[in-house]
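Enquirer: 89 is the number of the first residue of the sequence shown in my numbering; add one for each residue after it. Pasting a structure here, questions to come.
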Amino acid sequence: MKNKKGWTCRDPRAVWRGHPKVTGVLIVALGKATKIIPLLLHMDKQYVCVMKVHGDFDKKKLRKIVSEFVGPIYQRPPLRSSVKRVIRVRKIYNIDILEIEGRRVLMKIGCESGTYIRKLCYDIGDVLGPGAHMEELRRTRVGHFTEKTSVTMYDILDAYKIWKEEKEEKFIRKVLLPVESAIESTPKIFIKDSAISALYHGASLAIPGIIGVETNINVGNMVALLSIRGELIGIGYALMTSNDMISKDRGLAVKPTAILVECIDYVKKKKFNIN
């Protein structure tokens, strides 16, 4: 959904966490779908940012400096952050300067998850000389979710009101997406129904429980586990490559980190063919 400026977790009107200076795409998970939040946190991001430089500067020099920040960079999270302040590597895919007006610079930034844009602005200003800070930030993409596919909180409230008062589901179904929509760009492994019970009780996914694998899965990749009907069963980390999953007859293929279905509920659903 589209996060409005100024609404935060401290705002009594709001129902999500947020930063008052950040607007744009914000993914909200409900119910059992909250279990896949770790998957969402790993998605690449795209931002449009206003950086204010603290003094006069040469535009040509700025463009050259900005280009040097594309690629792997070192970042220490800022003081006001929720993570441990240790130096870490994050990848910047692109920085496009869209407009320069006075000391304000409008940029579009594509980056790896966990990149601090306000720290990036600070570092660019530091190298440039006068210093700089992030004045505004808009998140335009999270993974494959964009502003075009997002809705506002008002859209959600209107759809809920229509559903509650008129029992009309059409609008609320447009604003509430199925959990499977979150795994569009995630490598997928299709598993047998007989393997679901073992996963629910804490077992890792073994090769005999696999019926289909997408290519280009490497060890350590986060993968989505789906039933033969295409339902998201859970997520986990690959313990072997997709080639090994295809060529080997035995071994542990995936270590699950979250299982979304209740085993007994899934068995009942399958038995009575409930969609």
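Every residue gets a Cβ at the ideal spot worked out from N, C-alpha and C, and that includes glycine.
Are the Cβ atoms of S330 and T303 separated by less than 8 Å?
Expert: Yes.
Enquirer: Which whole runs of the beta strand (DSSP E) in the region 179–254 are 3 residues long or more, in chain order?
Expert: If we require 3 residues or more, the beta strand (DSSP E) runs fully inside the region 179–254 come out as 192–199, 220–230.
Enquirer: Going by other Cβ atoms of all chains shown within 10 Å of its Cβ, with 16 needed for buried, is V307 buried or exposed?
Expert: By the neighbour-count rule (16 or more Cβ atoms within 10 Å), V307 is not buried but exposed.
Enquirer: May I ask you to list the residues that DSSP assigns as paired with G324?
Expert: Its beta-bridge partners are V311, P344.
Enquirer: Would you mind sorting I316 into buried or exposed? The rule is 16 or more other CB atoms within 10 Å of its CB.
Expert: Its Cβ having fewer than 16 others within 10 Å, I316 is exposed.
Enquirer: Express the C-alpha separation of V174 and I161 in angstroms, rounding to a whole number.
Expert: Each residue's alpha carbon lies about 14 Å from the other.
Enquirer: Please confirm if the region 283–294 is in contact with the region 244–257, defined as three or more CB-CB distances below 8 Å between the two stretches.
Expert: With the cut-off at 8 Å, the region 283–294 and the region 244–257 do not touch.
Enquirer: Leaving out five residues on either side along the sequence, give the residues of the same chain with a beta carbon under 6 Å from the beta carbon of R429.
Expert: No information on residue 429 is available, as it lies outside the stretch 89 to 363 that the chain covers here.
Enquirer: Count the CB pairs spanning the region 194–201 and the region 127–139 that are closer than 8 Å, and state whether there are at least three.
Expert: Taking 8 Å as the limit for Cβ pairs, the verdict is that the region 127–139 does touch the region 194–201.
Enquirer: In the DSSP assignment, find the unbroken alpha helix (DSSP H) run with M333 in it and report its ends.
Expert: It spans 330–335 - the alpha helix (DSSP H) in which M333 sits, taken as one unbroken run.
Enquirer: What is the residue span of the alpha helix (DSSP H) that I153 lies within?
Expert: 147–156 is the extent of the alpha helix (DSSP H) around I153.
Enquirer: Along the alpha helix (DSSP H) that carries P126, what are the first and last residues, could you check?
Expert: Run containing P126: 125–129, per the alpha helix (DSSP H) assignment.
Enquirer: To which residues of the same chain is R229 closer than 7 Å at the C-beta, ignoring the five residues directly before and after it?
Expert: Result list for R229: V113, K133, Q134, in chain order.
Enquirer: Could you pull the start and end residues of the beta strand (DSSP E) that V113 belongs to?
Expert: Where V113 is concerned, the enclosing beta strand (DSSP E) stretches over 110–113.
Enquirer: State yes or no: is the C-beta of R226 within less than 8 Å of the C-beta of T111?
Expert: Yes.
Enquirer: Would you identify the three-state DSSP class for V141, choosing helix, strand or coil?
Expert: Correct three-state label for V141: strand.
Enquirer: Check for me: the alpha helix (DSSP H) holding V263 runs from which residue to which?
Expert: 258–263 is the extent of the alpha helix (DSSP H) around V263.
Enquirer: Looking at C-alpha atoms only, which residue of E235, T240, S155 is the closest neighbour of K179?
Expert: Looking at the Cα atoms, S155 is the closest of the given residues.
Enquirer: Relative to the C-alpha of A312, which candidate in V267, E319, K276, L327 has its C-alpha closest?
Expert: Of V267, E319, K276, L327, the residue nearest in Cα terms is K276.
Enquirer: My understanding is that V136 touches R192, with C-beta atoms under 8 Å, so please give their C-beta distance in whole angstroms.
Expert: At roughly 13 Å, the Cβ-Cβ gap does not stay under 8 Å, so V136 and R192 are not in contact.
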